[in-house]
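Have a look at the structure below, then the notes.
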Amino acid sequence: MEAIIRPDKDSAALLVARLIARELRANPALVLGLATGRTMEEVYRILVRMHREEGLDFSLCRTFNLDEYVGLAPEDARSYRYYMNHHLFGQVNIDQRNAHLPDGMAKDLNAECRAYEQKIKRCGGIDLQLLGIGEGGHIGFNEPLSALRSHTRVKALSPVTIGQNAVFFGGAEKVPHRALTMGVGTILECNRCLLLATGPNKAGVIAKAVEGPITSMISASALQLHPHCTVVVDEAAASKLQAAEYYRWIFKNEPEWEEFR
Ligand code: GLP
294 MEAIIRPDKD SAALLVARLI ARELRANPAL VLGLATGRTM EEVYRILVRM
344 HREEGLDFSL CRTFNLDEYV GLAPEDARSY RYYMNHHLFG QVNIDQRNAH
394 LPDGMAKDLN AECRAYEQKI KRCGGIDLQL LGIGEGGHIG FNEPLSALRS
444 HTRVKALSPV TIGQNAVFFG GAEKVPHRAL TMGVGTILEC NRCLLLATGP
494 NKAGVIAKAV EGPITSMISA SALQLHPHCT VVVDEAAASK LQAAEYYRWI
544 FKNEPEWEEF R
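In structure tokens:
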């Protein structure tokens with residue numbers, strides 16, 4: 294794992310967007326794993342700008358989102374399909390048939406989860422998976438005690454997650470209690486992981502995920518097992534990292550980061 298510390302949330306999002314753009318230019322048929330949440334909005338804004346101003350091409354790109362709420366239709370403004378259409382898919386030249394999310398309205402949710410895994414496999418697996426982190430330490434909706442070898446399945450949301458997302462639903466009691474989510478195992482099978490976390494609310498959980506023991510209580514800590522995982526944080530989210538000076542030294546000295554310094 295590598296931890297990259299940028300001065301503020303905008304420069305952290307810019308680095309993430311530039312990394313995605315670099316991979317997409319190198320491989321226009323990239324299989325890109327996508328994430329939702331407030332943190333990602335700036336990343337998508339930058340990618341949309343790159344599409345408009347620099348011709349960043351999504352026409353051959355295939356995408357797979359991490360998760361979706363059970364029971365929300367694509368036209369529901371609180372669904373992740375709606376979020377993705379609004380922030381990215383509707384503003385770039387992606388072929389909607391290549392933009393996948395699990396279907397939270399499927400009659401047979403377990404069959405939908407199995408089919409989602411099959412679709413990922415048929416595309417040859419995910420090349421680059423973008424990730425956020427919940428305040429409880431989850432990636433996707435892999436809540437505490439999620440098996441580290443799990444695949445796409447239905448998960449009950451924890452009270453912490455429900456509380457964190459209540460603002461979008463007008464109260465915790467209106468937040469769906471379940472979601473379809475890629476498993477920790479699904480995420481660990483991708484070629485590269487790129488996690489973005491910003492702001493002081495994420496400092497505690499980032500320290501646990503990056504420097505703490507691997508535990509299913511903090512599903513993001515399983516990323517320590519991934520052979521190519523980059524965690525990008527701003528100073529606020531980095532404030533509880535013990536080895537921050539070492540991470541800064543790596544950023545200054547590793548050739549991969551030269552073009553981003
Ligand atoms: C939700 C999503 C996660 C996301 C998290 C953080 O729980 N399922 O994928 O990482 O929110 O969201 P935010 O960026 O708004 O803090």
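Residue numbers for the sequence shown follow our numbering, beginning at 294 and rising by one. Built from N, CA and C at the ideal position, the CB exists for glycine as well.
DSSP three-state label for residue i, please.
i: G476; result: coil
i: L394; result: coil
i: T454; result: helix
i: A366; result: coil
i: A502; result: helix
i: A244; result: With the chain covering 294 to 554 only, the question about residue 244 has no answer from this structure.
i: G383; result: helix
i: E335; result: helix
In terms of DSSP beta bridges, what is residue i paired with?
i: K448; result: A472
i: D420; result: Paired residues: none, contrary to the question.
i: G326; result: F357, Q422
i: L340; result: Answer is none; L340 lacks a bridge partner.
i: I511; result: T508
Since residue i is in the beta strand (DSSP E), which residue starts that stretch and which ends it?
i: L307; result: Note, L307: premise wrong, no beta strand (DSSP E); alpha helix (DSSP H) at 302–319.
i: L555; result: No information on residue 555 is available, as it lies outside the stretch 294 to 554 that the chain covers here.
i: V526; result: 522–527
i: I543; result: Looking at the DSSP string, I543 is not in any beta strand (DSSP E); the run it does join, the alpha helix (DSSP H), is 537–546.
i: R554; result: Neither: R554 is in no beta strand (DSSP E) and is coded neither H nor E.
i: R485; result: 485–490
i: R299; result: 295–299
Might you give, ordered along the chain, the residues of its own chain that have their beta carbon closer than 7 Å to the beta carbon of residue i, omitting 5 neighbours on each side?
i: T332; result: G425, L489, A490, T491
i: E363; result: Reading off the sequence, residue 363 comes out as Val, not Glu. Closer than 7 Å at Cβ, skipping near neighbours: G397, L402, V447, P469, R471, A472, L473.
Does residue i have its Cβ less than 8 Å from a Cβ in chain C?
i: A314; result: Any reference to chain C falls outside this structure, which holds one protein chain only.
Using the Cβ count rule (16 or more neighbours within 10 Å means buried), how would you classify residue i?
i: V460; result: exposed
i: D360; result: buried
i: Y539; result: exposed
i: Q422; result: buried
i: L603; result: The structure shown does not extend to residue 603, since the chain is modelled only from 294 to 554, so the question has no answer here.
i: D420; result: buried
i: P395; result: buried
i: R446; result: buried
i: R315; result: exposed
i: E436; result: buried
Taking 8 Å as the limit between beta carbons, can you name the residues of its chain near residue i, skipping five residues before and five after?
i: H444; result: C406, E410, M475, G476, G478, T479
i: V385; result: L340, V341, H344, L349, F351
i: H521; result: N484, R485, C486
Here's a check: name, in chain order, each residue in its chain whose Cβ is nearer than 6 Å to the Cβ of residue i, leaving out the five neighbours to either side.
i: K302; result: T491, D527
State the start and end residues of the unbroken alpha helix (DSSP H) segment that holds residue i.
i: R374; result: 373–380
i: C406; result: 402–415
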